[in-house]
Amino acid sequence: FGKISDAVRFKLRAFSAATDNVGLFFGEDIFVAFGAIVLMTTFLKEAGIIVEPIHVAVWGIPTAICAFLIHGFRLYLLDRKLDRELRGNANAGNAAAPAQRAQPAAGDKA
-4 FGKISDAVRF KLRAFSAATD NVGLFFGEDI FVAFGAIVLM TTFLKEAGII VEPIHVAVWG
56 IPTAICAFLI HGFRLYLLDR KLDRELRGNA NAGNAAAPAQ RAQPAAGDKA
(Lines of atoms letter the chains of each structure in order from A and count residues from 1; the text may use other names and numbers.)
(Lines give C-alpha, C1' and ligand atoms only; values in the text may rest on other atoms or scores of the structure.)
Protein backbone atom coordinates (compact mmCIF):
# COMPACT_ATOMS: atom_id res chain seq x y z
CA PHE A 1 0.00 0.00 0.00
CA GLY A 2 2.98 2.28 0.08
CA LYS A 3 3.40 4.88 2.78
CA ILE A 4 0.69 4.78 5.45
CA SER A 5 -0.61 7.67 7.53
CA ASP A 6 0.39 8.24 11.13
CA ALA A 7 -3.16 7.40 12.26
CA VAL A 8 -3.00 3.97 10.60
CA ARG A 9 0.50 3.37 11.93
CA PHE A 10 -0.58 4.23 15.49
CA LYS A 11 -3.65 2.02 15.17
CA LEU A 12 -1.46 -0.89 14.04
CA ARG A 13 0.91 -0.30 16.95
CA ALA A 14 -2.00 -0.24 19.41
CA PHE A 15 -3.43 -3.50 18.08
CA SER A 16 0.02 -5.07 18.17
CA ALA A 17 0.37 -4.14 21.83
CA ALA A 18 -3.15 -5.40 22.57
CA THR A 19 -2.40 -8.71 20.86
CA ASP A 20 0.75 -9.10 22.93
CA ASN A 21 -1.16 -8.31 26.13
CA VAL A 22 -3.98 -10.75 25.38
CA GLY A 23 -1.52 -13.51 24.49
CA LEU A 24 0.64 -12.99 27.55
CA PHE A 25 -2.19 -12.49 30.03
CA PHE A 26 -4.32 -15.46 29.01
CA GLY A 27 -1.38 -17.60 27.93
CA GLU A 28 0.25 -17.36 31.33
CA ASP A 29 -3.00 -18.44 33.01
CA ILE A 30 -2.76 -21.86 31.37
CA PHE A 31 0.97 -22.37 31.94
CA VAL A 32 1.40 -24.28 35.22
CA ALA A 33 4.92 -23.08 36.04
CA PHE A 34 4.09 -19.39 35.73
CA GLY A 35 3.93 -17.15 38.77
CA ALA A 36 0.24 -16.30 38.42
CA ILE A 37 -0.76 -19.95 38.88
CA VAL A 38 1.60 -20.34 41.81
CA LEU A 39 0.26 -17.13 43.37
CA MET A 40 -3.35 -18.27 43.03
CA THR A 41 -2.71 -21.74 44.46
CA THR A 42 -0.69 -20.28 47.36
CA PHE A 43 -3.43 -17.75 48.13
CA LEU A 44 -6.09 -20.47 48.05
CA LYS A 45 -3.96 -22.76 50.21
CA GLU A 46 -3.64 -20.03 52.86
CA ALA A 47 -7.43 -19.66 52.77
CA GLY A 48 -7.80 -23.40 53.44
CA ILE A 49 -8.63 -24.41 49.88
CA ILE A 50 -6.22 -27.02 48.56
CA VAL A 51 -6.03 -27.03 44.77
CA GLU A 52 -3.39 -28.38 42.42
CA PRO A 53 -1.75 -25.93 39.97
CA ILE A 54 -2.73 -28.13 37.00
CA HIS A 55 -6.42 -27.79 37.94
CA VAL A 56 -6.15 -23.99 38.02
CA ALA A 57 -4.46 -24.05 34.62
CA VAL A 58 -7.08 -26.40 33.13
CA TRP A 59 -9.89 -24.11 34.29
CA GLY A 60 -8.15 -21.22 32.56
CA ILE A 61 -8.24 -22.92 29.14
CA PRO A 62 -11.87 -22.02 28.21
CA THR A 63 -11.21 -18.37 29.06
CA ALA A 64 -8.01 -18.38 27.01
CA ILE A 65 -9.84 -19.92 24.04
CA CYS A 66 -12.60 -17.29 24.27
CA ALA A 67 -10.01 -14.50 24.47
CA PHE A 68 -8.22 -15.95 21.44
CA LEU A 69 -11.42 -16.14 19.39
CA ILE A 70 -12.66 -12.68 20.39
CA HIS A 71 -9.35 -10.96 19.75
CA GLY A 72 -8.85 -12.93 16.55
CA PHE A 73 -12.21 -11.63 15.34
CA ARG A 74 -11.22 -8.07 16.31
CA LEU A 75 -8.02 -8.44 14.27
CA TYR A 76 -10.01 -9.82 11.33
CA LEU A 77 -12.29 -6.75 11.44
CA LEU A 78 -9.26 -4.46 11.69
CA ASP A 79 -7.71 -6.14 8.66
CA ARG A 80 -10.87 -5.66 6.61
CA LYS A 81 -11.19 -2.02 7.70
CA LEU A 82 -7.56 -1.24 6.88
CA ASP A 83 -7.85 -3.03 3.55
CA ARG A 84 -10.86 -0.87 2.60
CA GLU A 85 -9.19 2.34 3.78
CA LEU A 86 -5.80 1.70 2.23
CA ARG A 87 -7.16 0.36 -1.06
CA GLY A 88 -9.44 3.40 -1.24
CA ASN A 89 -6.47 5.72 -0.71
CA ALA A 90 -4.37 3.80 -3.23
CA ASN A 91 -7.17 3.90 -5.83
CA ALA A 92 -7.76 7.61 -5.22
CA GLY A 93 -4.05 8.26 -5.75
CA ASN A 94 -4.00 6.18 -8.94
CA ALA A 95 -7.12 7.89 -10.30
CA ALA A 96 -5.64 11.35 -9.78
CA ALA A 97 -2.33 10.50 -11.39
CA PRO A 98 -3.61 9.90 -14.98
CA ALA A 99 -5.65 13.12 -14.90
CA GLN A 100 -2.54 15.07 -14.03
CA ARG A 101 -0.53 13.43 -16.81
CA ALA A 102 -3.23 14.14 -19.41
CA GLN A 103 -2.90 17.93 -19.04
CA PRO A 104 -0.34 19.50 -21.39
CA ALA A 105 2.50 21.50 -19.91
CA ALA A 106 2.34 25.32 -20.11
CA GLY A 107 4.94 25.56 -22.90
CA ASP A 108 3.59 22.68 -25.04
CA LYS A 109 1.49 23.25 -28.14
CA ALA A 110 -1.85 21.45 -28.29
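Read in my numbering, the sequence shown has 8 at position 13, and its numbers run on one by one without any break.
Backbone N, C-alpha and C define an ideal beta-carbon position, used for all residues, glycine too.
Predicted model, so just to flag it, every value in this text is computed and none were measured.
Three-state secondary structure assigned by DSSP to residue i
{"i": "residue 25", "result": "coil"}
{"i": "residue 18", "result": "helix"}
{"i": "residue -4", "result": "coil"}
{"i": "residue 60", "result": "helix"}
{"i": "residue 107", "result": "In the structure displayed, the chain extends from -4 to 105; residue 107 sits before or after that span and is not available."}
{"i": "residue 2", "result": "helix"}
Residue i, buried or exposed, once every other Cβ within 10 Å from all chains shown has been counted against 16
{"i": "residue 36", "result": "buried"}
{"i": "residue 49", "result": "exposed"}
{"i": "residue 43", "result": "exposed"}
{"i": "residue 45", "result": "exposed"}
{"i": "residue 55", "result": "buried"}
From the options, residue whose alpha carbon lies closest to that of residue i
{"i": "residue 2", "options": "77, 82 and 83", "result": "77"}
{"i": "residue 52", "options": "29, 9, 74 and 38", "result": "29"}
{"i": "residue 6", "options": "31, 32 and 73", "result": "73"}
Endpoints, the alpha helix (DSSP H) within which residue i is located
{"i": "residue 31", "result": "30 to 41"}
Count the C-beta pairs between the region 48 to 59 and the region 19 to 27 that are closer than 8 Å, then say yes if the count reaches three, no if not. yes
Validate contact between the region 61 to 77 and the region 1 to 21 using beta carbons, cut 8 Å, 3 pairs: yes
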